[in-house]
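Residue numbers (our numbering): 21 to 162.
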């Protein structure tokens, strides 16, 4: 009986989730690609989450966009529920993407498996954008 607001994926993903979890009320919003470069897209996400009044808000699009949108939703105020930045989790749940072998998961190398699986899509995120976090972390401590 939980109420879930799903942001991301495609319409077939929402349909598959509703079929798999019929007792969960799932409302879905499919934003455009490059959400952060479209201020109206972020406004539409906020309006959707506000209207959905869900217990759980699942942000199913890539980092760091999902974290930035989550921070904006929190800052907007008046929005309840638990927000989770879940990336490709639903694609794994539905079997649309394969998880890394167990040994890679245990070695914390799942990112490398994903990079090898989708290099054209993920190379920039994993090799250029992602490592910037180390610069931010160490520069703040100095």
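Just so it is clear, CB atoms sit at the ideal spot from N, CA and C, and this is done for glycine as well.
Every value quoted in this text rests on a predicted model; they were computed, and no experiment measured them.
With 16 as the cutoff for other CB atoms within 10 Å, does residue i come out buried or exposed?
i	result
residue 89	buried
residue 65	buried
residue 34	buried
residue 85	buried
residue 48	buried
residue 110	buried
residue 155	exposed
So, are the CB atoms of residue i and residue j less than 8 Å apart?
i	j	result
residue 76	residue 50	no
residue 78	residue 106	yes
residue 69	residue 25	yes
residue 37	residue 46	yes
residue 96	residue 23	no
residue 145	residue 82	yes
residue 117	residue 108	yes
Is the shortest distance between the beta-carbon of residue i and the beta-carbons of chain D less than 8 Å?
i	result
residue 39	The structure shown contains no chain D; it holds only a single protein chain.
DSSP beta-bridge partners for residue i?
i	result
residue 24	46 and 76
residue 150	Answer is none; residue 150 lacks a bridge partner.
Considering only residues of the same chain and omitting the five flanking positions on each side of residue i, which have a CB-CB separation below 8 Å?
i	result
residue 30	50
residue 114	33, 36, 37 and 40
residue 104	76, 77, 78 and 79
With a CB to CB cut of under 7 Å and the five nearest residues on each side skipped, what residues in its chain are close to residue i?
i	result
residue 148	none
residue 133	120 and 124
residue 43	21
Return the Cβ separation of residue i and residue j in integer angstroms, given the expectation that the two are a contact with Cβ distance under 8 Å.
i	j	result
residue 28	residue 72	Not really, about 14 Å apart at Cβ, beyond 8 Å.
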